[in-house]
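Residue numbers (the working numbering): 43 to 106.
Beneath this line is the structure, given in structure tokens, with notes to follow.
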Amino acid sequence: MLERDGMVNRTVTPTVPIRVDYELTTLGQGLYGLLAQVRDWAGERRPMRSMTARARYDSRPADH
43 MLERDGMVNR TVTPTVPIRV DYELTTLGQG LYGLLAQVRD WAGERRPMRS MTARARYDSR
103 PADH
């Protein structure tokens with residue numbers, strides 16, 4: 043889908059094993075900044091959410 047939508051170029055090299063390379067197109071590079079912001083946002087929140095979820099899980103009764 044990303045290739046079809048013009049976001050990436052896909053190059054297949056017929057070697058053993060086969061090699062497939064992907065490269066962002068100019069259109070795809072336009073999304074890089076936005077995706078980096080999403081990555082940073084998730085990275086800032088994931089550790090706290092994971093700790094909260096682990097504490098909730100660990101506090102469950104043993105027979106659960």
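C-beta: ideal position from N, C-alpha, C; glycine also.
What you are looking at is a predicted structure, and each value in this text was computed from that prediction instead of being measured.
Kindly indicate which residue of 70, 62 and 60 has the alpha-carbon position closest to the one of residue 48.
Here the question's residue 48 lines up with position 6 in the sequence shown. For residue 48, the closest alpha carbon among the candidates 70, 62 and 60 is that of 70.
Cα-Cα, which of 99, 64 and 60 is closest to residue 46?
Reading the sequence shown from its first residue, position 4 is the one you call residue 46. With distances taken between Cα atoms, residue 46 lies closest to 64.
According to DSSP, simplified to helix, strand and coil, what is residue 73?
Here residue 73 corresponds to residue number 31 of the sequence shown, with the count starting at 1. Residue 73 falls in the coil class under three-state DSSP.
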